[in-house]
Structure formats: C-alpha cells, structure tokens
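Visitor:
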Amino acid sequence: MEMKQRMGKRLVLFPLPLQGHLNPMFQLADILHSKGFSISVIHTHFNAPNPDNHTNFTFHPIADGLLETEASTADVIGLFAALNAKCVSPFRDCLSQMLSDQGEPIAFLITDAFWPFTQAIADGLKLPRIVLRTTNISSFVCFAAFPLLRQKGYLPIQDNRLEEPVAELPPLKVKDIPRVSTADPEVVFEFACRTCNEVKASRGLIFNTFEELEESALSAIRQEFGIPVFPIGPFHKRIPPSSSSILPPDKSCISWLNNQSPNSVLYVSFGSIVAIKEAEFLEIAWGLANSMQPFLWVIRPGLVRGSSSGSGATHPLPDELAEMVAGRAHIVGWAPQLDVLAHPATGGFWTHSGWNSTLESVCEGVPMICLPKFADQMANARYVSDVWKVGIQLENGLGRQNVEKAVRRLMVEKEGEEMRERIACLKEKATLCLAEGGSSHKYLENLASHMLSV
Ligand code: UDP
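Pasting the structure below:
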C-alpha cells in the first residue's frame, strides 16, 4: 500500500447510509488516507459504520431522527427525503464544531451526491465540497437529463412506450430511464433536479469508474456540469478494501467454491435493496435448478417480499427443489462478494446490475446475466448487454424456462465464452488504468492536488 507522509490536512466525509454507497465512500476514504490526508467521517445512526473496521479514521455520529417506520429501504426516495430534511441541523452543528476545533485544518467536505442539503451548509461555513456519485457516469448523464426527458415527453414514463429508443441518449430505451417505485413520481423528479443542481454548485465530482469504459459520457458530463470530474476507479482494486459490510458475510461459500471446477459456478446475488415477489423467487429457483449448473445464491434477509428481514434467516427453498439441487447449490444470507467474484470457480454472475456489483464483476472478468429492477440498474444492464457486450439481459420475463435458457447461454454455450473473452479485455483495462501513466492514476493525482490548492 502506498503510504505518503501525513499531509496535515483533514477531509470530512459524509456517506449515505446504504450498502452500495458506504462501500465506495469507505474505499475512497482509504485511497485518500493513503495519499496522506487525515479522514473524519460524519455518519447517521441508521446503518452506522463500525469504527473498529477503520481504525485510522475518526467518527462523528449525528442524530438522524428517523422514525422506526422511516428507517427502511422499502421506499428509498422517502428515506432520502427524510434524511435530507432531518439531518440538516445535526450535520451543521457537527461540522461547525469540527471546524472550530483546534487541530489539522479541514481542506474539503466530501459527500454522497444524495446529500444535496450539504452544499448550502458547506457554502455557509466556507468549506469547499466535492461530491462522490456512486453510480457510473453513463447513468448519471441520464439522471441529469430529467428536465430534457420531461420536455421531450419521455417523462413521466408511459407503459406503452417502454421499448422506444431515447434518441437523445443512445443506446438507452425508455424502459432504461432511472425509475423508482414511489407514490409520487414528482418527488423523484424534484430530488433528481435538486441533486444535480447542488452537484453543479460543488467543486468537483468523483466517480468509481474509469475513463476507457465511458469516454463519451465523461465528456458529456464535463460539458454539462462545468466542474472538474474525476473518474478514479475501480476503487477497490487500488487498495485492499477494509470492510464496510452491514450484514456479516458468510465465508462458508469460499470453502464450497474451493471444491468446484474452474468457471463452473454461477454466482447469484441481487444486492442489498432489491426485493422480489415469492412467485419470482420460485421461478428463479426452478430455472436455476433445471439449468443443471452449480450455483451460489445470496438469499438476503428481506430479499423475498414479506419474508422476515431482521432475523438473518434466509428464505427456504421448497423441499422438492432443495433435494434436487443438493450438492450442486450453496445458499448464504450474505457473501464476501469480492472474494466470490475473484474465485477461479466463479464463471458467471447473475446480478441486479447495481453499479458496484457490475464494476466488481468487470474487474474479475466475470460475465453477467442482468435482472435490473430500479434506479440506475436498467441503464447499467443496457451498457453491459449492448455496449460492452459482456452480459445477457433477461428481457422476456422471469419464467423458469427463460431463466434456464439464460443460465445455459452464459455458462455452457459459445456465446457465454465470447462474453468471458470480452470481459477479460475490460478487466485488463481496469488494471492498466490504475498503473502509473493510466487514466485513473492521473485523475487521482489531479484530485489530490485540487484538494490541496484551496
Ligand atoms: N455485496 C456483498 N455481499 C453480497 C451482496 C452484495 O458484499 O452478498 C456488496 C457488493 O460487493 C457491492 C454492494 O454490496 O459492493 C452492493 O452494491 P450494488 O451497487 O451492487 O447494489 P445495491 O445493493 O446498492 O443495490
């Protein structure tokens, strides 16, 4: 690990308390710490990080005021709105206290993009703010285009136009535009506009991606936002990441993988938020069983709607099915995903196409089956299948026959082999960009000097 001399400058980080946002923020913190910055983390009580996993950082909890009914990811937009309203005073008090403390000067505030309220506070305290957006750039371009998409009549999304291409944002179709199920779509539109406006008012935008993957989106976002943009990913490949897992990973899957042949196992995980219906769960399970391929499945507490979300128990397979896949399947509640993807036995990843999962799969050269459900996942899946051509979309529904066919296409047929070759090339690019002279290496140097220049 690169360990620079301490610089005597402190950065204050404010992560959004969801798994897919905590991981990249803490990886970024590790990277910037290795560049010589000291790190302080302001965090909510909801999904609070464990300070024992990050002993080099100082932690400052604030009261988020969430009611028990609000502290859930069932309605993410509702959660973001509540957090952005309730954290204002506690955050301001905490940050101004830190600024008045004696000690190392604070150079920058780094927040998740989904904390738009923090820009006004940073301005008020004369502290420059940089934003981490935890999606890729291509889907963010689409998110930032909401006003245009509304003007052109694509928004609100109409169900009879889902297959239409969005001419302004190729290769996206109407159904790929970021969508979140919520009672009032206007709230999503307003939150998107507010987020983008406050990003534009910031001093820079960091992405966990790399230039070679998204060149045209990078120029588009630069032009539109007019602030410095730093694609410095893949974060987790720069420094071995410290854990920021909310659920404890079940390591039994690694010993199970050790007994499987190379590239034979399909890893199945739909991330930390997606919830599916019982009927979908059964079609997935039967499709996997009928494919006759070995699989490792993360059945997270809460994955199946209506099943218990707190007990830690996974949703059981029907007995008949469990017997059929015995020895060929391993099921866990939460996996050490980076280790699973890096394991030689893992030959495919059936994912919900969250950006972290997608990038992690690219970095290990594992081709994908995509089952996007909401937000940026549909756009990610479109890039995976149509642009990078390293995965299959499950477009004709989740019927068990479709599932079985997709699994066999990826794991057994030539098509899957070709995708494996293409993603091996992306993996190589993801490695090269971090080396001396590579794009992400260069942008990180720029970011570090940008943060020292004010
Ligand atoms: N993850 C994990 N174990 C699991 C499933 C997911 O460690 O069993 C991690 C995964 O490596 C990724 C994050 O959780 O870093 C999920 O982020 P992503 O953006 O893919 O999806 P989200 O959960 O935000 O929908």
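Residue 0 is where the sequence shown starts when you use numbering that gives the first Met the number 0, and the numbers rise one by one after that. Built from N, CA and C at the ideal position, the CB exists for glycine as well. On a predicted model such as this, the values are computed, not experimentally measured, just so you know.
#1: So does residue 264 have its beta carbon nearer than 7 angstroms to some heavy atom of the ligand UDP?
#2: Are the CB atoms of residue 272 and residue 133 nearer to each other than 8 angstroms?
#3: Could one say the Cβ of residue 426 lies closer than 8 angstroms to chain D's Cβ atoms, at least one of them?
#4: With DSSP as the reference, label residue 369 as helix, strand or coil.
#5: Classify residue 309 as buried or exposed, calling it buried when 16 or more other Cβ atoms lie within 10 Å of its own Cβ.
#6: What do you get for residue 426, buried or exposed, if any count of 16 or more other CB atoms within 10 angstroms of its CB means buried?
#7: Any heavy atom of the ligand UDP closer than 7 angstroms to the beta-carbon of residue 232?
#8: For the alpha helix (DSSP H) that residue 442 lies in, which residues bound it at each end?
#9: Any contact between the stretch 58-74 and the stretch 109-123? By contact I mean 3 or more CB pairs, one from each, below 8 angstroms.
#10: Can you tell which of 285, 37, 53 has the C-alpha that lies nearest to the C-alpha of residue 401?
#11: Looking only at C-alpha atoms, which of 278, 337, 14, 51 sits nearest to residue 250?
#12: Using the three-state DSSP reduction, which class does residue 142 fall into: helix, strand or coil?
#13: Excluding five sequence neighbours on each side, which residues of the same chain lie with their C-beta closer than 6 angstroms to the C-beta of residue 454?
#14: Using three-state DSSP, classify residue 6 as helix, strand or coil.
#15: Could you spell out where the beta strand (DSSP E) holding residue 327 opens and where it closes?
#16: Using beta-carbon positions only, say whether residue 348 and residue 340 come within less than 8 angstroms of one another.
#17: Cβ of residue 143 within 7 angstroms of any heavy atom in the ligand UDP?
#18: Closest to residue 292 by CA distance: which of 315, 302, 264, 105 is it?
#19: Under 7 angstroms: does the beta carbon of residue 427 sit that close to some heavy atom of the ligand UDP?
#20: CB of residue 354 to nearest heavy atom of the ligand UDP: below 7 angstroms?
#21: How many angstroms separate the CA atom of residue 105 from the CA atom of residue 117?
#22: What would DSSP say about residue 183, mapped onto helix, strand or coil?
#23: Would you kindly work out how many angstroms separate the C-alpha atoms of residue 417 and residue 408, rounded to a whole number?
#24: In the structure shown, what three-state DSSP assignment does residue 309 receive?
#25: Taking the alpha-carbon positions, what's the residue 262 to residue 334 distance?
#26: I'd like to know whether the C-beta atoms of residue 371 and residue 380 end up nearer to each other than 8 angstroms.
#27: How far does the beta strand (DSSP E) with residue 41 in it reach, from first residue to last?
#28: Under 8 angstroms by Cβ, that's how I've got residue 179 and residue 187 pegged, so tell me the actual separation to the nearest angstrom.
#29: Excluding the 5 residues preceding and the 5 following residue 458 in the sequence, name in chain order all residues of the same chain whose CB lies nearer than 8 angstroms to its CB.
#30: Quick one: give me the first and last residue of the beta strand (DSSP E) that residue 106 is part of.
#31: Can we count residue 118 as close to the ligand UDP, meaning its CB is less than 7 angstroms from some heavy atom?
#32: Determine which residues share a DSSP beta bridge with residue 476 and list them.
#33: In chain order, what residues of the same chain lie with their CB nearer than 6 angstroms to the CB of residue 422, ignoring the 5 residues before and after it?
#34: In whole angstroms, what is the alpha-carbon distance linking residue 212 and residue 433?
#35: Compute the beta-carbon to beta-carbon distance between residue 216 and residue 140, rounded to the nearest angstrom, for a pair I have assumed lies under 8 angstroms.
#36: Considering only DSSP beta bridges, list what residue 266 is partnered with.
Guide: Concretely, from the data shown:
#1: no
#2: no
#3: Given the protein chain composition of this structure (a single chain), no chain D is represented.
#4: Residue 369 falls in the strand class under three-state DSSP.
#5: The pLDDT assigned to residue 309 is 49, lower than 50, so where the model puts this residue is not dependable; a value taken from the coordinates is nonetheless given after this. Residue 309 comes out exposed.
#6: Sixteen is the threshold: when 16 or more other Cβ atoms of the shown chains lie within 10 Å of the Cβ of residue 426, as they do, the residue is buried.
#7: Because no heavy atom of the ligand UDP lies under 7 angstroms away, the Cβ of residue 232 does not count as near it: no.
#8: 438-451 is the span of the alpha helix (DSSP H), which, as asked, contains residue 442.
#9: no
#10: 285
#11: 337
#12: helix
#13: Limits of the chain in this structure are 0 at one end and 453 at the other, which puts residue 454 out of reach.
#14: coil
#15: Run containing residue 327: none; DSSP gives neither H nor E here.
#16: yes
#17: Result no, Cβ not under 7 angstroms from the ligand UDP.
#18: 264
#19: no
#20: yes
#21: 16 angstroms
#22: coil
#23: In this structure, the straight-line span from the alpha carbon of residue 417 to that of residue 408 is close to 11 angstroms.
#24: The pLDDT assigned to residue 309 is 49, lower than 50, so where the model puts this residue is not dependable, and the model offers no usable value.
#25: 18 angstroms
#26: At the C-beta level, residue 371 and residue 380 come within 8 angstroms of one another.
#27: Note, residue 41: beta strand (DSSP E), 37-43.
#28: 5 angstroms
#29: Summary: the structure shown does not reach residue 458, with the chain confined to residues 0 through 453, and so no result is reported for it.
#30: 105-111
#31: Not under cutoff, so the answer is no.
#32: Because the chain is modelled from 0 through 453, residue 476 falls outside the range shown and cannot be assessed.
#33: The residues are 364, 366, 389.
#34: 13 angstroms
#35: With a contact defined as Cβ atoms closer than 8 angstroms, residue 216 and residue 140 qualify at about 5 angstroms.
#36: 295, 348
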